[in-house]
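Sequences listed follow chains A and B, in order. Position one of the first sequence corresponds to residue 1 (full-length UniProt numbering), numbered consecutively onward. Position one of the second sequence corresponds to residue 1 (full-length UniProt numbering), numbered consecutively onward. Notes follow once the structure below has been shown.
Number of protein chains: 2
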Amino acid sequence: MNQLSQWRPDMNDPLPLYQQIEAYIIAKIKSGEWTQGMKLPSQRVLAKQFGVNRSTIVAAMDRLVSAGMLEGNSGGGTRVAGDGEVDDLTLHDSEGIQPSSSPRKHWNDYVEEGMHYPNLPLVQTINRMEFAPHMIRLGTGELSPSLLPEQSMRHLFSEIASSLDTVPLSYEEPLGSLQLRRELCLELGRRGINASPSNVLVVSGALQAFQLISAGLLERQSTILLEKPSYLYSIHAFQSAGVRLAGVPMDAEGLQASALARLKQLRQAVLLYTNPTYHNPTGIVMSEARRTRLMQVCDQIGLPILEDGAYEELWLDHRPPAALKARDTSGQVLYVGTLSKIVSPGLRIGWIVGSERVIERLADIKMQTDYGSSSVSQLMAYHWLHSGYHQRHMEQLREQLRIRRDTMLELLQQDWHDIATWQKPTGGFYIWVTLTGGCSLNKLFDRALSAGILLNVGTLYDRGASRQLRLSYAYAPIEEMKFAMGKLAELIRMQG
Amino acid sequence: MNQLSQWRPDMNDPLPLYQQIEAYIIAKIKSGEWTQGMKLPSQRVLAKQFGVNRSTIVAAMDRLVSAGMLEGNSGGGTRVAGDGEVDDLTLHDSEGIQPSSSPRKHWNDYVEEGMHYPNLPLVQTINRMEFAPHMIRLGTGELSPSLLPEQSMRHLFSEIASSLDTVPLSYEEPLGSLQLRRELCLELGRRGINASPSNVLVVSGALQAFQLISAGLLERQSTILLEKPSYLYSIHAFQSAGVRLAGVPMDAEGLQASALARLKQLRQAVLLYTNPTYHNPTGIVMSEARRTRLMQVCDQIGLPILEDGAYEELWLDHRPPAALKARDTSGQVLYVGTLSKIVSPGLRIGWIVGSERVIERLADIKMQTDYGSSSVSQLMAYHWLHSGYHQRHMEQLREQLRIRRDTMLELLQQDWHDIATWQKPTGGFYIWVTLTGGCSLNKLFDRALSAGILLNVGTLYDRGASRQLRLSYAYAPIEEMKFAMGKLAELIRMQG
Ligand SMILES: Cc1ncc(COP(=O)(O)O)c(C=O)c1O
Ligand SMILES: Cc1ncc(COP(=O)(O)O)c(C=O)c1O
Numbered sequence: 001m002n003q004l005s006q007w008r009p010d011m012n013d014p015l016p017l018y019q020q021i022e023a024y025i026i027a028k029i030k031s032g033e034w035t036q037g038m039k040l041p042s043q044r045v046l047a048k049q050f051g052v053n054r055s056t057i058v059a060a061m062d063r064l065v066s067a068g069m070l071e072g073n074s075g076g077g078t079r080v081a082g083d084g085e086v087d088d089l090t091l092h093d094s095e096g097i098q099p100s101s102s103p104r105k106h107w108n109d110y111v112e113e114g115m116h117y118p119n120l121p122l123v124q125t126i127n128r129m130e131f132a133p134h135m136i137r138l139g140t141g142e143l144s145p146s147l148l149p150e151q152s153m154r155h156l157f158s159e160i161a162s163s164l165d166t167v168p169l170s171y172e173e174p175l176g177s178l179q180l181r182r183e184l185c186l187e188l189g190r191r192g193i194n195a196s197p198s199n200v201l202v203v204s205g206a207l208q209a210f211q212l213i214s215a216g217l218l219e220r221q222s223t224i225l226l227e228k229p230s231y232l233y234s235i236h237a238f239q240s241a242g243v244r245l246a247g248v249p250m251d252a253e254g255l256q257a258s259a260l261a262r263l264k265q266l267r268q269a270v271l272l273y274t275n276p277t278y279h280n281p282t283g284i285v286m287s288e289a290r291r292t293r294l295m296q297v298c299d300q301i302g303l304p305i306l307e308d309g310a311y312e313e314l315w316l317d318h319r320p321p322a323a324l325k326a327r328d329t330s331g332q333v334l335y336v337g338t339l340s341k342i343v344s345p346g347l348r349i350g351w352i353v354g355s356e357r358v359i360e361r362l363a364d365i366k367m368q369t370d371y372g373s374s375s376v377s378q379l380m381a382y383h384w385l386h387s388g389y390h391q392r393h394m395e396q397l398r399e400q401l402r403i404r405r406d407t408m409l410e411l412l413q414q415d416w417h418d419i420a421t422w423q424k425p426t427g428g429f430y431i432w433v434t435l436t437g438g439c440s441l442n443k444l445f446d447r448a449l450s451a452g453i454l455l456n457v458g459t460l461y462d463r464g465a466s467r468q469l470r471l472s473y474a475y476a477p478i479e480e481m482k483f484a485m486g487k488l489a490e491l492i493r494m495q496g
Numbered sequence: 001m002n003q004l005s006q007w008r009p010d011m012n013d014p015l016p017l018y019q020q021i022e023a024y025i026i027a028k029i030k031s032g033e034w035t036q037g038m039k040l041p042s043q044r045v046l047a048k049q050f051g052v053n054r055s056t057i058v059a060a061m062d063r064l065v066s067a068g069m070l071e072g073n074s075g076g077g078t079r080v081a082g083d084g085e086v087d088d089l090t091l092h093d094s095e096g097i098q099p100s101s102s103p104r105k106h107w108n109d110y111v112e113e114g115m116h117y118p119n120l121p122l123v124q125t126i127n128r129m130e131f132a133p134h135m136i137r138l139g140t141g142e143l144s145p146s147l148l149p150e151q152s153m154r155h156l157f158s159e160i161a162s163s164l165d166t167v168p169l170s171y172e173e174p175l176g177s178l179q180l181r182r183e184l185c186l187e188l189g190r191r192g193i194n195a196s197p198s199n200v201l202v203v204s205g206a207l208q209a210f211q212l213i214s215a216g217l218l219e220r221q222s223t224i225l226l227e228k229p230s231y232l233y234s235i236h237a238f239q240s241a242g243v244r245l246a247g248v249p250m251d252a253e254g255l256q257a258s259a260l261a262r263l264k265q266l267r268q269a270v271l272l273y274t275n276p277t278y279h280n281p282t283g284i285v286m287s288e289a290r291r292t293r294l295m296q297v298c299d300q301i302g303l304p305i306l307e308d309g310a311y312e313e314l315w316l317d318h319r320p321p322a323a324l325k326a327r328d329t330s331g332q333v334l335y336v337g338t339l340s341k342i343v344s345p346g347l348r349i350g351w352i353v354g355s356e357r358v359i360e361r362l363a364d365i366k367m368q369t370d371y372g373s374s375s376v377s378q379l380m381a382y383h384w385l386h387s388g389y390h391q392r393h394m395e396q397l398r399e400q401l402r403i404r405r406d407t408m409l410e411l412l413q414q415d416w417h418d419i420a421t422w423q424k425p426t427g428g429f430y431i432w433v434t435l436t437g438g439c440s441l442n443k444l445f446d447r448a449l450s451a452g453i454l455l456n457v458g459t460l461y462d463r464g465a466s467r468q469l470r471l472s473y474a475y476a477p478i479e480e481m482k483f484a485m486g487k488l489a490e491l492i493r494m495q496g
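As structure tokens, then:
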């Protein structure tokens with residue numbers, strides 16, 4: 001494999017390094033130059049030869065392992081598994097390197113070790129750029145600061161200050177504050193979901209729920225099914241726990257339930273993650289019929305469902321069909337919710353609803369992860385839901401989001417009609433736009449960035465979505481939105 | 001290995017099941033009945049044969065692997081490695097079970113899967129019992145509710161309500177709120193530690209710091225050195241990430257720095273965790289001379305230090321020697337602090353101080369774990385430190401803790417002088433008591449529990465500490481402390 005040492009990824013290519021490496025290896029395998037069973041050098045050696053961080057190699061290899069092209073083996077390093085058609089690999093996360101004799105170490109040497117993936121380079125850029133001043137964030141999955149209930153929260157602070165309740169400053173119970181869980185059960189009831197406080201675990205946002213589920217309920221190397229595209233592809237909550245993702249195609253009614261039995265069998269999948277209502281990033285709402293069908297299929301084939309209800313309450317035109325969890329009579333559905341998209345992401349309050357056994361196991365892991373969520377956040381969340389602020393806020397919020405959505409649709413109609421297609425969303429934050437011309441998303445991202453516009457490109461949510469953008473009408477001020485939509489149309493036309 | 005099927009752990013034995021299984025396997029190996037290289041049945045099969053949960057088997061095996069008696073191999077299951085004298089094993093976390101063909105699954109089936117360990121059964125009991133009414137908690141590592149600054153926090157709420165600052169409701173920056181990090185740098189400065197905001201990561205308590213460090217900086221199967229006994233043995237922050245622990249003996253001046261070079265070499269250790277000031281559970285303060293020596297040794301052998309300063313500010317008689325981090329000129333020390341032991345555990349605010357590269361890597365993992373700590377907690381923590389509440393509170397707190405410590409010392413002198421030995425702590429929460437008679441800690445724990453007293457037994461912190469108790473003077477009301485100390489002396493005498 002000495003020919004390896006000739007090639008290096010191009011630092012100036014907008015394609016991320018790990019994708020260049022991935023493409024390089026795919027080419028070697030597909031061309032037959034690298035044959036099945038052939039052993040690759042260790043990650044460390046590869047990193048050195050390619051002149052990149054080890055984490056970059058890990059990112060590339062992992063995608064190739066998921067694709068069935070490489071195969072890890074703790075004894076003998078990584079091998080070529082096949083050309084990606086075969087799926088039943090045995091993968092191990094070790095790379096078979098024996099520790100050398102007691103090297104001198106400094107903390108900085110550890111930055112590339114650790115089994116947790118770094119964020120995707122593009123996501124790191126976005127995370128950083130979100131805090132750059134004067135950046136217009138046209139894809140951000142967050143409420144604009146002007147839509148956050150600052151004033152009401154301030155009132156809450158003074159109500160708490162003058163109330164006679166004790167301010168909880170101790171560690172909370174493993175499941176979270178009881179008064180909050182009671183209040184959440186009422187809120188869930190309004191969504192058609194029956195739960196008692198012992199079925200609810202308070203978590204620090206939905207993201208932590210995924211973290212706990214992957215650490216607490218899944219074995220390394222198991223595979224979960226999910227919509228393609230999906231929010232989960234843009235983060236590493238599951239992948240860092242060694243869990244693999246396998247996409248289920250979607251249509252206008254949501255994920256294709258008919259594909260599940262085959263995919264489950266083929267990928268030995270252990271669960272289905274779905275975001276059925278105002279799906280991130282497509283905005284699609286799973287239809288009533290599809291929900292019924294999905295519940296049937298999953299029950300028949302014994303595939304547990306992880307339902308993400310993050311955007312559920314953000315309906316703009318009419319209420320969406322009831323959650324899957326509202327239809328669940330046998331404990332087939334684990335439901336995750338959050339205050340992040342409807343009240344405040346900063347509070348970091350989310351919840352998991354499931355059977356007592358599952359909730360207890362997750363609570364145990366949660367105690368070992370951070371000893372529970374902030375008691376002050378839990379207190380604020382309780383008062384927020386309890387005192388009626390929430391209902392009033394939701395009405396105002398829907399009103400504002402409706403205006404924003406309609407504005408963005410008008411702008412699309414006006415400036416983009418000949419360069420893109422899209423569907424009108426009925427709730428949530430997003431418009432999933434497909435560009436009709438052949439335009440490089442990476443170039444567009446960079447040019448938009450130079451023009452002060454931060455984009456969420458489709459490839460974050462599906463490697464194949466190379467002509468899509470996730471636009472969000474929730475974040476940028478309307479004036480900025482107008483400017484940015486025009487500017488962006490220009491940039492796209494330039495590349496055309 | 002069919003003889004296995006004869007034996008089962010005794011459900012009525014107070015010794016936890018996993019410890020019984022561990023003892024059983026040790027006996028088999030030590031006696032030579034099971035020889036090196038011999039292959040054990042899979043975890044699933046063992047669980048069935050012993051009539052226990054798979055997590056119990058995992059807990060037992062892992063301790064045996066750490067002890068060098070078993071060896072995991074992803075291809076061929078678990079094997080007998082030796083009699084515990086040899087240390088350089090290659091361990092893998094898989095157990096070589098191939099997925100069977102597409103089984104029907106329900107969420108409840110996953111409760112025993114997942115790579116994260118359950119809490120130790122004893123810790124689970126303690127976690128649960130801490131919320132039982134009328135329980136006297138004589139070992140709890142927390143401030144009594146009466147020592148928490150309820151009144152001042154209430155004032156803070158109204159100050160925030162009437163201030164003109166915006167209430168932060170959005171996601172925070174990856175490193176945490178800048179105003180809080182600035183304030184923490186001032187606080188660190190008072191502790192002799194020089195840091196700028198880019199060296200500080202805000203975390204949800206020190207526990208989360210360990211979680212992030214093990215996921216972000218350490219490879220699976222690496223080993224860390226730590227004091228023996230140690231708080232880290234009672235939790236699974238590192239072990240669940242596949243990291244092994246190797247104890248360093250302590251004396252009255254702290255951990256024995258002279259043992260480090262050999263231990264590092266022998267165990268291929270990657271870092272040293274230490275809690276040098278008011279050590280949990282022994283209360284020991286590492287001496288000035290030992291700190292100097294430790295820094296020298298670690299610098300020489302290239303062993304990075306993870307310093308836990310959780311109790312540092314809780315000096316009762318005189319200020320302790322400066323933190324290791326205050327002596328660090330080369331970035332050898334990563335420092336962890338928390339508000340939990342001095343202000344409020346419920347706030348879930350801690351911090352990590354290190355080089356920018358390390359802090360950035362950890363921040364990236366933090367963003368992927370929970371998108372940052374609660375913005376409301378960060379706001380409260382900032383105001384708390386900034387407004388001078390903290391200094392006033394610390395003075396009162398030390399005053400109260402002094403009274404409590406002296407009371408507990410008097411009670412020991414009065415009721416325990418003939419059944420135990422101990423040292424007077426000069427700060428922190430704990431008195432580490434050694435029972436002089438031959439008394440079973442498990443029985444004592446159960447009997448105390450029946451008498452309404454919750455104990456933290458020594459074995460939680462060191463498997464070998466079978467005659468020690470960690471008493472805490474920080475939690476129980478003084479009247480309860482008096483009753484419980486008398487009652488406990490009685491129970492010990494009964495058994496002795
Ligand atoms: C579908 C979906 N689920 C979950 C989350 C995570 O939200 P949080 O962790 O803030 O609750 C997001 C945020 O982007 C999301 O879009
Ligand atoms: C030595 C030590 N470090 C860290 C912690 C964790 O504290 P927290 O996660 O609440 O900050 C504790 C709590 O028991 C402790 O004793």
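Virtual Cβ for every residue (Gly too), placed ideally from N, Cα, C.
Nearest-angstrom Cα distance between residue i and residue j?
i	j	result
R291/B	A322/B	9 Å
L314/B	Q391/A	45 Å
K366/B	G189/B	25 Å
L411/B	R319/B	26 Å
D406/A	L138/A	15 Å
I431/B	D62/A	49 Å
A246/A	Q268/A	10 Å
Q147/B	S162/A	The sequence given here places Leu at residue 147/B; Gln does not occur at that position. For L147/B and S162/A, the distance between alpha carbons rounds to 21 Å.
V457/A	Y311/A	20 Å
H92/B	N108/A	For H92/B, the predicted model reports a pLDDT of 29, less than 50, meaning its position is unreliable; a value from the coordinates is still stated below. H92/B and N108/A: Cα-Cα distance of roughly 26 Å.
E113/B	L218/A	6 Å
Hey, residue i and residue j are a contact pair by Cβ (cut 8 Å); roughly how many whole angstroms apart?
i	j	result
Q19/B	D10/B	That belief does not hold up - the Cβ atoms of Q19/B and D10/B are roughly 11 Å apart, past 8 Å.
E253/A	T274/A	Going by Cβ atoms, the distance from E253/A to T274/A rounds to 13 Å, so no, they are not a contact pair.
Which residues in chain B have a C-beta closer than 7 Å to the C-beta of residue i? List them in chain order.
i	result
G205/A	D370 and Y371
T166/A	E150
Confirm, please, whether the CB-CB distance from residue j to residue i is below 7 Å.
i	j	result
Y371/A	L180/A	no
G350/B	G192/B	no
R104/B	G176/A	no
M380/B	V376/A	yes
V243/A	E227/A	no
I419/B	T434/B	no
H393/A	P149/A	yes
By the criterion of Cβ-Cβ separation under 7 Å, what are the contact partners of residue i in chain A?
i	result
F131/B	E173
N456/B	Within 7 Å Cβ-Cβ: nothing; N456/B doesn't reach chain A, min ~15 Å.
List, in order along the chain, the chain B residues whose C-beta lies closer than 8 Å to that of residue i?
i	result
V358/A	W107, N108, Y110 and V111
Residues of chain A with CB closer than 8 Å to the CB of residue i, please, in chain order.
i	result
A476/B	Under the 8 Å cutoff, chain A gives no residues; its nearest Cβ is about 14 Å from A476/B.
| task | Could you name the residues whose beta carbon sits closer than 6 Å to any heavy atom belonging to ligand 1, keeping them in chain order? | result | G141/A, G205/A, A206/A, L207/A, Y231/A, N275/A, N280/A, D308/A, A310/A, T338/A, S340/A, P345/A, G350/A and Y371/B
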